[in-house]
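Peer 1:
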């Protein structure tokens, strides 16, 4: 099993709003399970922290991401999957943000479980999701 952390999960970790996530990360490490961060998540979090000049949180973010490999969108299969997700959801009248589409496509193509607190992602076919903020996830 391997995991991809969504932007909202990384944000929760940085805000220290939920110790359950940190516990799950420790468990994954103990079990030898890989945990990744998408370059999209990196971009979303870092741009927000830079915008508000959150110096302390920037240092915490840099320390956090140094522990986990960052996955880049370096495979045309990810883009193809993202196009399919976008088209499928738009046809159904339930589109989601492009960043979420790209993160979901990365998880699907790389065979990762996406850890997210975003219920919109439940509409993405073929995506395996876990919400570490909910008890029993």
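Numbering (this note's numbering), first residue to last: 9 to 145.
Even for Gly, the Cβ is constructed at its ideal location relative to N, Cα and C.
Fair warning: this is a prediction, and the values are worked out from it, not measured in the lab.
1) Whole angstroms are fine: how far does the CA of residue 76 sit from the CA of residue 38?
2) If contacts are defined as beta-carbon pairs under 8 Å, then residue 120 and residue 44 qualify, I think. What distance do you get, rounded to the angstrom?
3) With DSSP collapsed to three states, give me the class of residue 12.
4) Whole angstroms are fine: how far does the CA of residue 32 sit from the CA of residue 95?
5) How many Å lie between residue 60 and residue 50 at the Cα?
6) How far does the alpha helix (DSSP H) with residue 72 in it reach, from first residue to last?
7) Mapping DSSP to helix, strand and coil, what is residue 21?
Peer 2: The answer reads as follows:
1) 14 Å
2) 7 Å
3) strand
4) 33 Å
5) 16 Å
6) 63-73
7) helix
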